[in-house]
Each structure stands twice: as structure tokens, then as C-alpha cells.
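Read through the structure below, which is laid out as C-alpha cells, and then see the notes.
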Amino acid sequence: MKGLFVKPVIALVGRPNVGKSTMFNQLTRSRAALVADYAGLTRDRQYGSAEYEGQVFIVIDTGGLTGERGGIEALMQEQAWAAVTEADAVVFLVDARAGMTVADQEIAERLRRTGKLLQLVVNKIDGVDESLVQAEFARLGLGEPVFTTASHGRGISALWQALIDQLAQVNRPIESTDMPEDDSIRVALIGRPNVGKSTLTNRLLGEERVLAFDQPGTTRDSIYIPFEQNGKRYTLIDTAGVRRRARVNEMIEKFSIVKTLQAIEAAHVVVLVCDAHEGISEQDQHLLGFVHDRGRALVIAINKWDNMTDYARDEVKRQIDLKLTFINYAQMHFISALHGTGVGHVFESVDDAYAAAMRDISTNALTKSLEAAIFAHQPPLIHGRRIKLRYAHQGGSNPPIIVIHGKQLERLPGSYARYLEGWFRREFALMGTPVRLELRTDDNPYEGKFDNRTPLQRYKEKKEEQAISRMKFKSEATAARRARAETGDEGALSDKVAALGKTSAGKTTTGKTTTGKKAEAKPAAPKTKPTAGKPSAGKTAAAKPGARKAAAAPSKPRSSKAVGQRTSEGNRKPKAPKPTHRRGKD
């Protein structure tokens, strides 16, 4: 592990609840460490990258040093002192409000014997006289302290400057290049509490890297551990156990579960660790469903397989076949993390699952495989029409996404989609990772171009359009007439219309009638010689009794149009009355 850190390593140590995790988040500018007003919250070493003025550092958060010699506290102190051994500089945090304690003096004495670069930091300085605090902690003999308030970010720049000055005095090279991109394979170990995740982590790393204790809830934070194996770079993530929601009461455990779910999102491959003695529980199924929904590659490790009878092992395998049918693509290993049985094959499956999740498949190969799948089993008929699958291409990786184009794909049954998923998994060896199918229906080029209306519907809509156009025309004409009336053009227009009517009336025949004058029935006939025995045609209509009766009554004024019609009708010859016949008389 020492050869891994090429950057300066800074370890944060001190008593419990002095602000080490808050200082870690301030230095790394992240929220990687859990922070709460709770003593003994941090138990494992937490590594993080920090950058200040172009210079890159590694910061280690540790658990509180209590001086206890038994139980889980003793293991926590071993982890903290291991971080001190790896560090180039040690930041010793003390609490200004609590003052100097006997535990602070013991920690300072042991740190002085390590020979590391030491920097005393007095935290929580708000509302406290700095001169009095400095005089109190001067008895530790660790030089001039730096006063900070980590929760508010006060004094962080001064701390960075003091650390850089100390590293420069011992000619410790400080890398000023940008941090390289993380191209390692991230593997997350998840499971219920006390199933052996931390033990498996230490077995894979070959050292006591994380705290492993026979007590549920030992791990409270997600620990990211980079390492190298067989020429490949990995980042192992040890997570906190996830219990059922009904059993989660403490707020700290809720934060731990959130960290675990975030680790699943950040991982490339997830290793689910189960307890063989307890079998496959409902919580294991929920975790598997969450991993499947997130599309992460999966490996299942059944831990504590040793010291089990053949009957118990057969019962566990029967439960696996019964309850994990929806995860038929994951590789399964029966291991013992404590003794190392079967652990060596876990990373072989991790490499296979990662390669399958990141595999690139050409469009030609996917289309040919799709055609072979259709030839082997045709898609069903929908309303008498066959669902058409035209071609396929890859739409992404981790998990592999296969996009299929065709017709009526929104009606494709789920059973046929699962058949295609299994077909692609077998054809391209996509074991260990879920496969996503994305169905895209092609656009219909004739959509909206065919008129489905009946002739009666088209006729009614045409009539409605005509009525609307007439209403618009009338409204526009009315508006124009009102506008002309307001500008005085209406009177001039009416005069022109009246003059035009008089002119047309003067051009008509003499059959025009006016009030107080006799109406002339016929125009003057040409002069001809009268024929004997017949009345002359030059007689006027006034000689007739009907004409006199009409002249006696005043006539109503008529328009020019009516006059013209009357005049034209006056030139016509009156029709003879039709004879009437009475029944029974000839």
C-alpha cells in the first residue's frame, strides 16, 4: 500500500468528536465522510484527494483515539495508528472548548515518538480567547498551533500553508500536476449487516485494511480502497450493511444506507455477499432488484459456506433456484472469506462481468443476430399484422443497450422481449450484466395524408367553412361601412347611388308610373292605315275601363329596377285567359 501513494499523505488524528471528519470534508472539498454530533462515528480509515494552489495531496480521516485496550475501540485505534504510519505529515486536532485533557497529552507523546511531521490544530475556536487557548496547549510542546473552525471553513488556508511549509523543509516533493483520471474498475461489496463484507475486503487485499468485527453495523461509511492485482487497477468499495427499513432507527444508519446506495451508483461491478447460514432473505432480493434496475454488472458470493452439512447446502441451493430466477445472468460463488476458500475465483467473475458490460458490438453483427432470432421464432401477429423488426444497433454500455427499430414495436409482448434479451446474451456472451432493449417504432410516412372522412362529413365541414367565410365578409363590410360613415363618405356614396337610379329610370320605356299621373299602358305604336271593322292600334290604354280605374288610384313609387321590370313586362302581349269548364255542362 505504501507504493500506491505518490503524493504527500496527510493523516488527521485526535480524540473522538474533535472535528476530524468535518476537517476532512473541508480539505477534500467533498462530503465523503459522515459527520454528526456523535462520538466514535468514524471507525475505518477514509482516504480522499485534496488540491490546494495546484498541489495535490492525499488526506486520511481516522477514528478517535480513546486509549481503550479491548473491543471494537482497540481495533479503531489500530486503524488510526496505521494511518499515522503511512502519512508524511500528521495533523493533530484538539478541542478548544473542552481544553487540554490527559488523553491529548498521551496522544501527543506517542506522536512525538513516531518522528513524523506534526501540526497542532486547535479546532472550534469560535467564542474562545485565542491567547488563553494558545497558552494552555503550549505545554504539549508541538510548536505554534493553527486556530480553525472546520464547520465554518475558518483557518483552512492557514493550515494548508503551514503544511506546505513543513513539507518543503524536509525536501518532500509535492506533485503539482493535475490528478489523473480514475480508469480503475470500481467494485462495490454490498449486503446485509454482518455477512462478511469487511472480512472479504481484507482477504482480497491481503491485509487488515478495514475494521472487521463480529458485530452488526461495524462499518458505517463507504470506504474506497484503490489497489492493483494482476496488472489491473481496481477500487474496492466496502459499504455498510443495509437492513430493512422498519429496523432502521438511528439517523447515522440512515446516512450509512445512503452512502451504500451511492456506492452502487458509482460502481462498475457489484458483489452481493450473502450469509449461507441464513439463506436468501427478502432483503437480499430487494438489493438485487436495486442493482438490476441500476444496470450494474453483478456477482453473487455466498459466504460462510464452510462448516455446513450437505443437507443445509442443498437447501440453500434450492432457495437460490426458487428466489433468484430474475437474476439468471449473474455468476455465483460459494466462498469462505475467513479461510479464503473460493475467494480467488471471485475476481475472475468480476473481470468477465466488467468486460461484458463494456463490450462494443457492431451494428452489422447485431442486425444479423436479430434476423437469426426472428427466423428461429417469429414475433406474434397483432390485429392480423406481423410485428416487423428491421435492424438493431448498440445504444450504450454498462449496461449494454441494444436499440431495435421496426413497426408496431409498442405492441411487442414482454415475453418476446425477454426472448430477444436471452438470445443476445447467448450470442455475444453478455453474462454477468443485464441487457437493456430499447424499442423504437419508425415514423409512418403516410400518417395524416389519407382523408378518413365520409362524404357527408366533408360536405358538412365545407358548408361550415363557407358560412364562416360569409360571416367574416359581412363583418368586414359592416366595419368598412361604419368607417366611411365616420369620415363623411357615406353621404356622398348615397348621392351617387340615387343619381345612378335616376339615370337608369330615364332610359327606360314610357311605362313608368308616378304619383298623381295616369299610367301609360303601351308605348306609341307606329302610324299605319286603320283597317275597317277593327279598332286602331294607336289607341291608348286610358280608353279602357281598366285603365281608368287604375289611373284613379294613386300609384306607389317604385325603384328603378322595379320600373325597368314593369316597362319590359308592359311590352309583352297579355295572355288569353284559360277556359273554365264546369262539370256536367258542355
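In case it helps, the working numbering puts the sequence shown at residues 533 to 1118. Ideal Cβ positions, reconstructed from N, Cα and C, are used throughout, including at glycine.
Practice problem: Using 10 angstroms around the beta-carbon of G946, count the other beta-carbons present and answer buried if the total reaches 16, otherwise exposed. | Solution: exposed
Quiz prompt | Between the CA atoms of I688 and Q587 - distance to the nearest angstrom | solution = 15 Å
Self-check item: V803 versus E739 - alpha carbon distance
Solution: 20 Å
Practice problem: Would you mind stating whether W837 and T792 have Cβ atoms separated by less than 8 Å? | Solution: no
Quiz item: Over what stretch of residues does the beta strand (DSSP E) that includes L830 continue unbroken?
Solution: A829 to N835
Practice problem: Could you tell me which of L830, R891, L691 and I592 sits nearest to L652, measuring between CA atoms? | Solution: If we check each option's Cα against that of L652, L691 comes out closest.
Self-check item: For Y991, the three-state DSSP class (helix, strand or coil)
Solution: helix
Exercise. Can you grab the Cα-Cα spacing for the pair S716 / L913, in whole Å?
Key: 47 Å
Self-check item: Residue interval of the alpha helix (DSSP H) (run including F982)
Solution: Here F982 belongs to no alpha helix (DSSP H), and DSSP marks it neither H nor E.
Quiz item: Between L643 and V634, what straight-line distance do the alpha-carbon atoms span, to the nearest angstrom?
Solution: 14 Å
Self-check item: beta strand (DSSP E) segment containing L649, residue limits
Solution: L649 to N655
Quiz item: Comparing alpha-carbon positions, which option in R972, R561, I832 and I852 lies nearest H684?
Solution: R561
Self-check item: Rounded C-alpha distance that separates A614 from A844
Solution: Distance between the alpha carbons of A614 and A844: 40 Å.
Quiz prompt | Span separating the alpha-carbon of L757 from that of T598 | solution = The sequence shown places Ile at residue 757, not Leu. Those two C-alpha atoms are separated by around 25 Å.
Self-check item: Start and end residues, beta strand (DSSP E) containing E970
Solution: R968 to T973
Quiz item: Roughly how many angstroms lie between the CA atoms of R741 and Q611, to the nearest whole one?
Solution: 8 Å
Quiz item: Three-state secondary structure (DSSP) at T681?
Solution: strand
Quiz item: Can L902 and I936 be called in contact, C-beta distance under 8 Å?
Solution: At a Cβ-Cβ threshold of 8 Å, L902 and I936 count as neighbours.
Quiz item: Of the choices I834, K1006, A630 and E641, whose alpha-carbon is the least far from that of D658?
Solution: Comparing Cα-Cα distances from D658 to each of I834, K1006, A630 and E641, the minimum goes to A630.
Quiz item: Terminal residues of the continuous alpha helix (DSSP H) containing I864?
Solution: In the sequence on display, residue 864 carries Met and not Ile. It is not in any alpha helix (DSSP H) - M864 instead sits in the beta strand (DSSP E) that spans Q863 to F866.
Quiz item: In chain order, which continuous runs of the alpha helix (DSSP H) of length 4 or greater are located wholly inside the region 868–899?
Solution: 878–889
Self-check item: Proximity test, Cβ basis, 8 Å: S901 and chain B
Solution: Within the model displayed, chain B is absent; a lone protein chain is all it includes.
Self-check item: Secondary structure, beta strand (DSSP E): runs of 3+ residues fully inside the region 789–858
Solution: 801–807 and 829–835
Practice problem: Mind checking who Y756 pairs with in its DSSP beta bridge? | Solution: Beta-bridge partners assigned by DSSP to Y756: I769.
Quiz prompt | Nonlocal neighbours in the same chain, by C-beta distance under 7 Å from T841, ignoring five residues either side | solution = none
Quiz prompt | Residues that S689 bridges to, as DSSP identifies them | solution = According to DSSP, which records beta bridges pairwise, S689 is partnered with nothing at all.
Quiz item: Per DSSP, G738 forms a beta bridge with which residues?
Solution: Answer by DSSP bridge pairing: none, since G738 is not bridged.
Quiz item: Which whole-angstrom value is the C-beta distance of I919 and P911, which I expect to be below 8 Å?
Solution: Right, the Cβ-Cβ distance comes to about 4 Å (below 8 Å), so this counts as a contact.
Exercise. Compare the C-alpha of I859 against each of G964, Y948 and M890 and name the closest.
Key: G964
Practice problem: Can you say whether P1077 is buried or exposed, counting buried as having 16 or more other CB atoms within 10 angstroms of its CB? | Solution: Note that P1077 scores 47 on pLDDT, short of 50, meaning its location in the model is unreliable and no value can be drawn from it.
Quiz item: Can you check whether the CB of V626 is closer than 8 Å to the CB of D636?
Solution: yes
Quiz item: Whose C-alpha, out of A904, R950, D892 and A905, is nearest the C-alpha of G927?
Solution: It is D892.
Quiz item: What are the start and end residues of the beta strand (DSSP E) that includes G546?
Solution: V541 to G546
Quiz item: Taking DSSP as the reference, what is the three-state secondary structure of Q578?
Solution: strand
Quiz item: What are the boundary residues of the alpha helix (DSSP H) that V665 is part of?
Solution: E662 to F669
Quiz item: What is the C-beta distance between A682 and Q578, in whole angstroms, given that I count them as a contact (C-beta under 8 Å)?
Solution: Incorrect: roughly 15 Å between the Cβ atoms, too far for contact.
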